[in-house]
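Chains as they are written, first to last, in the working numbering: chain G, 1 to 392; chain D, 1001 to 1072. Backbone N, C-alpha and C fix where the C-beta goes; we use that ideal spot for every residue, glycine too.
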Ligand code: SF4
Ligand code: SF4
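Below is the structure:
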């Protein structure tokens, strides 16, 4: 269900009469003169609908009422950010597609195109503090701009249709929309021009560069046009990586307990427990190495192939883990088997991360997989063999 | 950031300079600065940085660029 439909709520906020394509919002004092303070919940809720908490009122325009959004994030926005980052998708974090406003935009104001994923939308509006602009939200099924452009939901077709359904040509006179550069995979500027008459200007990769981009007369310099993948950007992806592997990890852990019970007496429950714990310990070392440490320290680990990086990092983790289980607690064969388990699972998980980065080419990933999957299979089989053998 | 690099010589990006009209859109949309524009023609200066996203292909008005992710 859509939480809020921008066309269904009444409102009577007069549009501020300020011209110029880019406005610095008046101070709060001045602002109050043009607009009576409203209580969005009281004034605009309707049975069956609830106003989004980021809407602070409505602008009356030639194309109807347009919700005006806040540029600061409140507690519920931050909560949803944490939830999404942690991979917990309790709700569908979608924004209703269509037009929104920040500040007091008019027919000369820029139109910023974005996706209807709440994080993307929040990210954008947060950077627009003090500006006046229109935001045109495309329907990407709640997926961010880059991923949606790759899947062609953030597309020429969707943009052209959305421009028409919101009657954008009646709202602004400059005939121009600003599309985030990462949307270029899905949006063809030439096609959009041909089919809608609107000129597409590709904006910066990161929303936080938008104010500067606008001040520079819509010119993005090389820095603004280049994708980064910083330590923090990598770190923030790891919870989702972990969430994705919960199920296979649980299954692997159960399998490990079972094969740990195999021994001279065919099968022993107590042995399954004690040896199983050791095996799971080494599995977790591999997970930490492959799904957290390798991704975050990516450029500092030698080799270009992620699977190879995972082997290096997994080797270090295996060595550290072995300290806890050094002989006589476990024999050399057992430690070799368990170390191999750590190294191999680290390699597999590190290779998994190729799918989450903004610089790995599909052709490269394919090449890496062809090379490393056989090695990883051999690694897993050998680890299992050594581990079972060591029980006898 | 010093640009992160993936495998060498695997990108399937190809540029046909004869078709290129030098509009510069490819250089503008590429998130990895793979292209340069010299003497009214695009040129590939950093093939290994290409992630085969297809943004350049999608925006080239003269179909001068090709990329085939997944068949490398
Ligand atoms: S496919 Fe993407 S990364 Fe490669 S050159 Fe084109 S725009 Fe740049
Ligand atoms: S987009 Fe196409 S025509 Fe334009 S400069 Fe690049 S290769 Fe040449």
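Indicate, with yes or no, if ligand 1 has a heavy atom lying under 7 Å from the CB of residue 1053 of chain D. yes
Ranges of the alpha helix (DSSP H) found wholly within the segment 91-157 of chain G, counting only runs of at least 4: 118-126, 145-150
Is it buried or exposed, residue 474 of chain G, if we count other Cβ atoms within 10 angstroms and call 16 or more buried? With chain G covering only 1 through 392, there is no way to say anything about residue 474 of chain G.
Taking the beta strand (DSSP E) that residue 1041 of chain D belongs to, which residues open and close that run? 1041-1044
So what does DSSP say about residue 295 of chain G, is it helix, strand or coil? helix
Pairing CB atoms from the segment 128-146 of chain G with CB atoms from the segment 91-100 of chain G, are three or more of them under 8 Å? yes
On a Cα-Cα basis, can you pick out the residue from G/361, G/257, G/273 that is closest to residue 305 of chain G? G/361
Give a yes or no on whether 8 Å exceeds the smallest Cβ distance from residue 226 of chain G to chain D. yes
Between the CA atoms of residue 303 of chain G and residue 285 of chain G - distance to the nearest angstrom: 21 Å
Pair within 8 Å by beta-carbon distance, residue 115 of chain G and residue 148 of chain G: yes
So, is the C-beta of residue 241 of chain G closer than 8 Å to a C-beta in chain D? no
Among D/1066, D/1062, D/1069, which residue has its Cα nearest to the Cα of residue 1020 of chain D? D/1062
Whose C-alpha, out of D/1043, D/1011, D/1010, D/1039, is nearest the C-alpha of residue 1026 of chain D? D/1043
Check the Cβ-Cβ distances between residue 1014 of chain D and every residue of chain G, and say whether any is below 8 Å. no
Quick one: is the Cβ of residue 1025 of chain D within less than 7 Å of any heavy atom of ligand 2? yes
By how many angstroms is the C-alpha of residue 289 of chain G removed from the C-alpha of residue 1047 of chain D? 30 Å
Out of D/1006, D/1059, D/1028, D/1045, point me to the one whose CA is closest to residue 1034 of chain D's CA. D/1045
Collapsed DSSP secondary structure at residue 215 of chain G in the structure displayed: helix
Reduced DSSP secondary structure (H/G/I, E/B, other) of residue 305 of chain G: coil
Considering only residues of the same chain and omitting the five flanking positions on each side of residue 386 of chain G, which have a CB-CB separation below 6 Å? 333, 336, 337
Under 6 Å Cβ to Cβ from residue 349 of chain G, same chain only, skipping five residues before and after it: list those, please. 290, 291
Please classify residue 86 of chain G as buried or exposed, where buried requires at least 16 other C-beta atoms within 10 Å of its C-beta. exposed
Exposure label - residue 1006 of chain D; buried when at least 16 CB within 10 Å: buried
Beta-carbon neighbours of residue 184 of chain G, restricted to chain D and to distances below 7 Å: 1029, 1055, 1058, 1059
Proximal residues, the segment 193-224 of chain G versus chain D, C-beta separation under 7 Å: 202, 205, 222
State yes or no: is the C-beta of residue 1034 of chain D nearer than 7 Å to some heavy atom of ligand 1? yes
So, with DSSP's three-state summary, where would you put residue 70 of chain G? coil
So with CB distances below 9 Å, who are the chain D contacts of residue 173 of chain G? Within 9 Å Cβ-Cβ: nothing; residue 173 of chain G doesn't reach chain D, min ~25 Å.
Please list the partners that residue 1007 of chain D has in chain G, where partner means a Cβ-to-Cβ separation under 9 Å. 304, 305, 360, 361, 363, 364, 365, 367, 368
Hey, is residue 1031 of chain D close to ligand 1, as in C-beta under 7 Å from one of its heavy atoms? yes
When you compare the CB positions of residue 231 of chain G and residue 296 of chain G, do they come within less than 8 Å of one another, or not? yes
Considering just the uninterrupted stretch of the beta strand (DSSP E) at residue 333 of chain G, what are its terminal residues? Not the beta strand (DSSP E): residue 333 of chain G falls in the alpha helix (DSSP H), residues 332-352.
Is any heavy atom in ligand 1 found nearer than 7 Å to the beta carbon of residue 397 of chain G? Past the edges of chain G, shown from 1 to 392, lies residue 397 of chain G, and the structure says nothing about it.
Going straight from the alpha carbon of residue 382 of chain G to that of residue 388 of chain G, what length do you get? 10 Å
Using 8 Å as the limit for Cβ to Cβ distance, is residue 1052 of chain D near chain G? yes
C-alpha distance - residue 193 of chain G paired with residue 1049 of chain D, whole-angstrom precision: 30 Å
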